[in-house]
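Residue numbers (our numbering): 33 to 389. Beta carbons are placed, not taken as given, at the ideal position from N, Cα and C, and that holds for glycine. These notes are about the structure you will find just below.
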Amino acid sequence: MGIWKFCIFCDYGADGQSHKAHRSRHSGASAKKKTKAKNKDQNSDQKQQNPKAFAFRSNAKAKRLQSRAVEKEQRRLHLPVIDRSYGELPPFVVVVQGPPQVGKSLLIKTLVKHYTKHNLPDVRGPITIVSGKQRRLQFVECPNDINGMIDAAKFADLALLLIDGSYGFEMETFEFLNILQVHGFPKVMGVLTHLDKFKDVKKLKKTKQRLKHRFWTEIYDGAKLFYLSGLIHGTYPKREVHNLARFISVMKFPPLSWRTSHPYLLVDRFEDVTPPERVQMNSKCDRNVTLYGYLRGCNLKKGTKVHIAGVGDFSLAGVTGLSDPCPLPSAAKKKGLRDKEKLFYAPMSGLGDLLFM
Ligand SMILES: Nc1nc2c(ncn2[C@@H]2O[C@H](COP(=O)(O)OP(=O)(O)OP(=O)(O)O)[C@@H](O)[C@H]2O)c(=O)[nH]1
33 MGIWKFCIFC DYGADGQSHK AHRSRHSGAS AKKKTKAKNK DQNSDQKQQN PKAFAFRSNA
93 KAKRLQSRAV EKEQRRLHLP VIDRSYGELP PFVVVVQGPP QVGKSLLIKT LVKHYTKHNL
153 PDVRGPITIV SGKQRRLQFV ECPNDINGMI DAAKFADLAL LLIDGSYGFE METFEFLNIL
213 QVHGFPKVMG VLTHLDKFKD VKKLKKTKQR LKHRFWTEIY DGAKLFYLSG LIHGTYPKRE
273 VHNLARFISV MKFPPLSWRT SHPYLLVDRF EDVTPPERVQ MNSKCDRNVT LYGYLRGCNL
333 KKGTKVHIAG VGDFSLAGVT GLSDPCPLPS AAKKKGLRDK EKLFYAPMSG LGDLLFM
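Have a look at this one:
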């Protein structure tokens, strides 16, 4: 049998006598003092608890945290962009857009002159130029009607938005921006012209700031806005054009997902190949038309249904690969481009090897 050890706690003092339990006072001076102290304690406890326990204290910090959270979320959602292109890339399309008389043609002419050292008499249709060892550009002036803008938004890799600095933003710019937004939003850059109309330097500076911030609210903070300060001998200053051209030459064009998965081409030349007898017999007969252009996106097959913007749906009678009318310079390691290699191709403007009548 084991030994059981137990003890009993009794309410006995050291002297073995029992005592009454302590009863705190409910009235009198000491009771009042105690309740006062207790209330004070409770109040101070309440003060320490932050009433905005889960709200932010610093505006700046909250903003930073919020943007970081959004960034993280975006990174999580961001799928790696697969560039399916192979071989030589087709030229990047630079659409020059702006209200009437803002200087679109002049800017294209000065940029073409900068890249190729040739004068362009007229801006009509896409103008393809070699801008570097690995890059070609195709300049297109955006028409000022809504249909033209919708078409341009479909193929633009970079949109140069020309803004008359002396006037400010016009409806055309906002319309075009909205159209771009629903077409995958390619790269956008603003260019301010007519700044020579300001005589007061302070006013010019203020206007530049105002327009820059207005531009930023439309696109994103820090969006690139170039300033063309005026005309020198009828063209824009060389240094400013050089900077703009350099910026375009090194710009990265991330592939837009819809475009990489659909074949499309920007027609830079077309030919009516209907037999003349058929036209003679009936001038309104169905015509056979050959369209030329760089194929972008993915492969195009014979028989595919194609949509010609502003015309309608057709089926392709055939597709043929042709030699490049404006090839990239040879891949040999060289520092720059030789004059011979500064090629350009603009059949609709009457330049290049082929004239378009
Ligand atoms: N003072 C001044 N004149 C300019 C500037 N930029 C263009 N111009 C002039 O504005 C006029 C119109 O230039 P264009 O290049 O034809 O303008 P556009 O936008 O192509 O015109 P549309 O094709 O009719 O829409 C020309 O006479 C240019 O010389 C500038 O920065 N300052």
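Are there 16 or more other CB atoms within 10 angstroms of the CB of V127, so buried, or fewer, so exposed?
Stepping through the sequence shown from its first residue, residue 127 is reached at position 95. Buried.
Closest by CA to E207, which one among S261, G180, V102?
Along the sequence shown, read from residue 1 onward, the residue named residue 207 stands at position 175. Here the closest residue by C-alpha is G180.
List the endpoints of the continuous beta strand (DSSP E) containing L348.
Position 316 of the sequence shown, counted from the start, is the residue given in the question as residue 348. For L348, there is no enclosing beta strand (DSSP E), since its DSSP letter is neither H nor E.
With distances taken from CA atoms, which of V321, A188, W290 is nearest F124?
On the sequence shown, residue 124 is found 92 positions in, with the first residue counted as 1. Ranking V321, A188, W290 by Cα distance to F124 puts A188 first.
DSSP state of E202, grouped into three classes?
Here the question's residue 202 lines up with position 170 in the sequence shown. Reduced to three states, the DSSP call for E202 is coil.
Here's the rule I'm using: 16 or more other beta-carbon atoms within 10 Å means buried, otherwise exposed. How should R242 be labelled?
Within the sequence shown, residue 242 is the residue found at index 210, counting from 1. When all chains shown are included, R242 counts as exposed.
Can you look up I182 in the DSSP assignment and give me helix, strand or coil?
Taking the first residue of the sequence shown as 1, we reach residue 182 at position 150. Helix.
Per DSSP, what are the beta-bridge partners of V127 in this structure?
Taking the first residue of the sequence shown as position 1, residue 127 is located at position 95. Here V127 is bridged, per DSSP, to V172, A191.
Is it the case that the CB of T225 approaches a heavy atom of ligand 1 more closely than 6 Å?
Taking the first residue of the sequence shown as 1, we reach residue 225 at position 193. Because some heavy atom of ligand 1 lies under 6 Å away, the Cβ of T225 counts as near it: yes.
Host beta strand (DSSP E) of K219 (start-end)
Within the sequence shown, numbered from 1, the residue matching residue 219 stands at position 187. In the DSSP annotation of this structure, the continuous segment of the beta strand (DSSP E) that includes K219 starts and ends at 219–225.
Per DSSP, what kind of secondary structure is V233 in: helix, strand or coil?
As a first step, residue 233 must be located in the sequence shown, where it is residue number 201. Residue state, collapsed to three classes: helix.
Excluding sequence positions up to five away, which residues of its chain have a Cβ less than 6 Å from the Cβ of T336?
Here residue 336 refers to the residue found at position 304 when the sequence shown is read from its first residue. Close CB contacts of T336 within its chain, under the 6 Å cut and outside five residues either way in sequence, are with L348 (chain order).
Among the residues of its own chain, which have a CB less than 6 Å from the CB of S137, if the five just before and after it don't count?
Numbered from its first residue, the sequence shown carries residue 137 at position 105. Taken in chain order, the residues that qualify are V155.
Confirm the yes/no value for this check: CB of S137, any heavy atom of ligand 1, distance under 6 Å.
The residue labelled residue 137 in the question sits at position 105 within the sequence shown. With a cutoff of 6 Å, S137 counts as near ligand 1, since its C-beta is closer than that to a heavy atom of the ligand.
Beta carbon of P132 nearer than 7 Å to that of E202:
For the purposes of this step, residue 132 is taken as the residue at position 100 of the sequence shown. For the purposes of this step, residue 202 is taken as the residue at position 170 of the sequence shown. Between P132 and E202, the CB-CB gap reaches or exceeds 7 Å.
Three-way DSSP call (helix, strand, coil) for S50 in this model:
The count along the sequence shown starts at 1 and reaches residue 50 at position 18. Three-state DSSP puts S50 in a strand.
By Cβ distance, which residues of its chain are closer than 6 Å to G325, with the 5 residues on each side in sequence left out?
Here residue 325 is taken as the residue at index 293 of the sequence shown, counted from 1. The residues are L297, L298, V299, D300.
Taking only heavy atoms of ligand 3 into account, decide whether any of them is closer than 6 Å to the Cβ of L327.
Summarising the ligand content, the structure contains ligand 1 and does not contain ligand 3.
Could you check whether the Cβ of L360 sits closer than 6 Å to any heavy atom belonging to ligand 1?
In the sequence shown, counting from the first residue as 1, residue 360 sits at position 328. No, the beta carbon of L360 sits no closer than 6 Å to any heavy atom of ligand 1.
Touch check for the segment 266–281 and the segment 307–318: three-plus C-beta pairs under 8 Å?
The segment 266–281 is not in contact with the segment 307–318.
For L375 and L139, what's the separation of their Cα atoms in angstroms?
As a working mapping, residue 375 is identified with position 343 in the sequence shown. As a working mapping, residue 139 is identified with position 107 in the sequence shown. In a straight line, the C-alpha of L375 is about 19 Å away from that of L139.
CA-to-CA distance, P158 to G382, given in whole angstroms
One-based indexing of the sequence shown puts residue 382 at position 350. One-based indexing of the sequence shown puts residue 158 at position 126. Going by the C-alpha atoms only, they are around 11 Å apart.
Name the two residues that bound the continuous beta strand (DSSP E) containing R107.
Here residue 107 refers to the residue found at position 75 of the sequence shown. Counting along the chain, R107 falls outside any beta strand (DSSP E), though it belongs to the alpha helix (DSSP H) covering 91–109.
Exposed or buried, which one is I340 when buried takes at least 16 other CB atoms within 10 Å?
Position 308 of the sequence shown, counting from 1, holds the residue named residue 340. That one is exposed.
For L193 versus Q98, is the C-beta spacing smaller than 7 Å?
The count along the sequence shown starts at 1 and reaches residue 193 at position 161. The count along the sequence shown starts at 1 and reaches residue 98 at position 66. No.
For T306, the three-state DSSP class (helix, strand or coil):
Along the sequence shown, read from residue 1 onward, the residue named residue 306 stands at position 274. It is coil, neither helix nor strand.
If you drop the 5 nearest sequence neighbours on each side, which residues of the same chain put their C-beta closer than 7 Å to that of D196?
Here residue 196 is taken as the residue at index 164 of the sequence shown, counted from 1. Excluding the 5 residues flanking it on each side, D196 has same chain C-beta neighbours closer than 7 Å at P131, V134, T225, H226, in chain order.
Rank A61, L152, R57, K104 by C-alpha distance to the C-alpha of T267 and give the top, closest one.
Against the sequence shown, residue 267 aligns to sequence position 235. Of the listed residues, the one whose Cα sits closest to T267 is L152.
Pull up the DSSP beta-bridge partners for F376, would you.
What you label residue 376 is simply residue 344 of the sequence shown in a count that begins at 1. I161, per the DSSP bridge assignment.
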